[in-house]
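>
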Ligand SMILES: *Cc1c(COP(=O)(O)O)cnc(C)c1O
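Numbering (the working numbering), first residue to last: 136 to 544.
#1: On the premise that residue 225 lies in contact with residue 486, defined as a C-beta separation below 8 Å, what is that separation, rounded to the nearest angstrom?
#2: Helix, strand or coil for residue 318, going by three-state DSSP, please let me know.
#3: Which residue comes first and which comes last in the beta strand (DSSP E) that contains residue 289?
#4: CB of residue 172 to nearest heavy atom of ligand 2: below 7 Å?
#5: Which term fits residue 527, buried or exposed, when burial requires 16 or more other beta carbons within 10 angstroms of its beta carbon?
#6: Between which residues of its own chain and residue 232 is the CB-CB distance below 7 Å, once the five residues before and five after are set aside?
#7: Among all the DSSP beta bridges, which residues are the ones paired with residue 191?
#8: Quick one: does the C-beta of residue 297 sit closer than 7 Å to a heavy atom of ligand 1?
#9: Suppose you measure from the CA of residue 511 to the CA of residue 278; what does that come to, to the nearest Å?
#10: Which same chain residues end up closer than 7 Å to residue 183 when comparing Cβ atoms and leaving out the 5 residues on each side of it in sequence?
#11: Go to residue 512, then tell me how far its beta strand (DSSP E) extends in each direction, as first and last residue.
#12: Distance, Cα to Cα, residue 518 vs residue 525?
#13: For residue 427, does the three-state DSSP call read helix, strand or coil?
#14: Please work out which residues of its chain come closer than 7 Å, Cβ to Cβ, to residue 459, disregarding the five sequence neighbours upstream and downstream, and give them in chain order.
#15: For residue 371, count neighbouring Cβ atoms within 10 angstroms of its own Cβ and tell me buried if that reaches 16, exposed if not.
#16: Is any non-hydrogen atom of ligand 1 found closer than 7 Å to the C-beta of residue 207, if you look at the structure I gave you?
#17: Distance, Cα to Cα, residue 265 vs residue 161?
#18: Taking 8 Å as the threshold (beta carbon to beta carbon), is residue 367 in contact with chain B?
#19: Cβ of residue 459 versus every heavy atom of ligand 1: is any distance shorter than 7 Å?
#20: Quick one: which unbroken alpha helix (DSSP H) runs of 4-plus residues sit fully inside the region 363–402? Chain order, please.
#21: Is residue 324 close to ligand 1? I mean its beta-carbon at under 7 Å from any heavy atom of the ligand.
#22: Should the region 314–331 be called in touch with the region 197–205, which here means at least 3 C-beta pairs below 8 Å?
#23: Relative to the C-alpha of residue 245, which candidate in 155, 457, 420, 456 has its C-alpha closest?
#24: In the DSSP assignment, what are the bridge partners of residue 186?
#25: What I want to know is whether the C-beta of residue 228 ends up closer than 7 Å to one or more non-hydrogen atoms of ligand 1.
#26: Can you tell me which residues form a DSSP beta bridge with residue 308?
#27: Do residue 380 and residue 189 come within 8 Å of each other at the CB atom, strictly closer than that value?
#28: So, helix, strand or coil for residue 443, using DSSP?
#29: Mapping the DSSP letters down to three states, classify residue 172 as helix, strand or coil.
#30: List the endpoints of the continuous alpha helix (DSSP H) containing residue 231.
#31: For residue 297, which residues in the same chain have their Cβ closer than 7 Å to its Cβ, ignoring the five residues on either side in sequence?
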């Protein structure tokens, strides 16, 4: 790691884990006949579909392209509304706008920061076509309730599973929940292809449309034509070049072999954080539901004890408020100590683009807005060791102590 602070290395909130096998896999492709859309794409898609437990996986150039492709395959258009959670990466909502549709923001649950099915229900109108459920931090959403809502109201359920590859919900794999699931293989995500993304689905017709969409709307790819000795092709939809290369897919295939091991390491690190914070009432952790296999892309804490209505003593609440007000300061103190904390995310409806174009703003999703003030993502990646977790916990203790000391009159 490049940035050094004293003798302790800078700990980012997330980073890739690569080994010699990964490098060899990429090198092999560089010496082969196919640099893009060759056999590694097929092999990567098969391996991903196997993990997701779906009939199809379609690799695309990044997670945002995967979301765009999902909206395209579902024919989201200008008359349509799609419900998305307020706390997510902007791409979860932007994809609706790419198709001319309107994202409608649903609030999150205070204790898990996952999309709140009760608020989803309130936001459904005759124009609603789909729900994008985001498995925030790596925890699958409440799919029992979301599936029931989708069924009752005739909506498509899309899972933005960019955080959750390797996770599960009551014995079902992430990737098989919802009609379409999207993934990102950015370096901080559960496995990486540098840049990359994919969509998984059991639906043959949707998979076919996704494949056409990623290749300019053309019905065959260049390898299929080469194999058939044919030159003729037809463009039947307006697609894009959203292909993922054989180089990327070779890396992804090698990474997928280690997914189980990565996930288990993330879970072990999370348990260590959980144990530390169980004894530290000033730091709240997110609720994990029963029956969940959590992929722990992120480990998110909420400064101040969980403040539930009617719960917690007056003192707890005062510490909670004091710490929320000091989040940015605690963030800076941690960064100064070489701890690469982050904030996931600025609620999407508070971004200037959304305020200007959709007229959103404060008050629309109050739970998300309040949580946003208090959250911090702590370092979480498979090559961290237990001592790294202890160092983060100690640095957080010190940052909180100093911030509270400054508050005392
Ligand atoms: C990373 C991410 C994306 C976008 O993926 P890219 O590969 O960076 O385009 C979309 N949604 C969520 C929830 C993400 O975390």
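Backbone N, C-alpha and C define an ideal beta-carbon position, used for all residues, glycine too.
Note that this is a predicted model, so its numbers are computed, not measured.
Checking against the coordinates, here is how it stands:
#1: Working through the chain shown from its first residue, we reach residue 486 at position 351. Working through the chain shown from its first residue, we reach residue 225 at position 90. Confirmed, about 6 Å.
#2: Locating residue 318 in the chain shown gives position 183, where the first residue counts as 1. Residue 318: strand per DSSP, three-state reduction.
#3: Locating residue 289 in the chain shown gives position 154, where the first residue counts as 1. Counting along the chain, residue 289 falls outside any beta strand (DSSP E), and DSSP gives it neither H nor E.
#4: Only ligand 1 can be found as ligands here, which leaves ligand 2 out of the picture.
#5: In the chain shown, the residue the question calls residue 527 occupies position 392. By the 10 Å Cβ count, residue 527 comes out buried.
#6: Position 97 of the chain shown, counted from the start, is the residue given in the question as residue 232. Excluding positions up to five away in sequence, the list reads 238.
#7: Locating residue 191 in the chain shown gives position 56, counting from the first residue. Its beta-bridge partners are 336.
#8: Counting from 1 along the chain shown, the entry for residue 297 is found at position 162. Checking every heavy atom of ligand 1 against the Cβ of residue 297, one is found closer than 7 Å.
#9: In the chain shown, the residue the question calls residue 511 occupies position 376. In the chain shown, the residue the question calls residue 278 occupies position 143. Cα to Cα, the separation comes out at about 26 Å.
#10: The count along the chain shown starts at 1 and reaches residue 183 at position 48. 192, 333, 335, 391, listed in sequence order.
#11: Looking up residue 512 in the chain shown gives position 377. Its beta strand (DSSP E) spans residues 510–513.
#12: Taking the first residue of the chain shown as 1, we reach residue 518 at position 383. Taking the first residue of the chain shown as 1, we reach residue 525 at position 390. Their Cα atoms are separated by approximately 15 Å.
#13: Reading the chain shown from its first residue, position 292 is the one you call residue 427. In this structure, residue 427 counts as strand in the three-state DSSP scheme.
#14: Against the chain shown, residue 459 aligns to sequence position 324. Excluding residues up to 5 positions away in sequence, 438, 439, 508, 509 lie with their Cβ nearer than 7 Å to the Cβ of residue 459 in the same chain.
#15: Within the chain shown, numbered from 1, the residue matching residue 371 stands at position 236. Its Cβ having fewer than 16 others within 10 Å, residue 371 is exposed.
#16: As a first step, residue 207 must be located in the chain shown, where it is residue number 72. Not under cutoff, so the answer is no.
#17: Residue mapping note: residue 265 aligns to position 130 of the chain shown, counting from 1. Residue mapping note: residue 161 aligns to position 26 of the chain shown, counting from 1. Between residue 265 and residue 161, the C-alpha separation is close to 38 Å.
#18: Annotation note: the requested chain B is absent from the structure, which comprises a single protein chain.
#19: Walking along the chain shown from the start, residue 459 turns up at place 324. Result no, Cβ not under 7 Å from ligand 1.
#20: 381–391
#21: By 1-based counting over the chain shown, the position of residue 324 is 189. Yes, since a heavy atom of ligand 1 falls inside the 7 Å radius drawn around the Cβ of residue 324.
#22: Segment contact: the region 314–331 against the region 197–205, three or more CB-CB distances shorter than 8 Å; contact assigned.
#23: To locate residue 245, count along the chain shown from 1; it is residue 110. Comparing Cα-Cα distances from residue 245 to each of 155, 457, 420, 456, the minimum goes to 420.
#24: Taking the chain shown and counting its residues from 1, one reaches residue 186 at position 51. Answer by DSSP bridge pairing: none, since residue 186 is not bridged.
#25: Working through the chain shown from its first residue, we reach residue 228 at position 93. No, ligand 1 has no heavy atom inside 7 Å of this Cβ.
#26: Your numbering for residue 308 matches position 173 in the chain shown. Its beta-bridge partners are 303.
#27: Numbered from its first residue, the chain shown carries residue 189 at position 54. Numbered from its first residue, the chain shown carries residue 380 at position 245. No. Outside cutoff.
#28: Taking the chain shown and counting its residues from 1, one reaches residue 443 at position 308. Only weak support exists for where residue 443 lies, its pLDDT of 44 falling under 50; the value from the coordinates is given anyway. Residue state, collapsed to three classes: coil.
#29: Here residue 172 refers to the residue found at position 37 of the chain shown. If DSSP states are grouped into helix, strand and coil, residue 172 belongs with coil.
#30: The count along the chain shown starts at 1 and reaches residue 231 at position 96. DSSP places residue 231 inside the alpha helix (DSSP H), whose first and last residues are 226–233.
#31: As a first step, residue 297 must be located in the chain shown, where it is residue number 162. Excluding residues within five positions, the ones whose Cβ falls inside 7 Å are 198, 317, 318, 319, 324.
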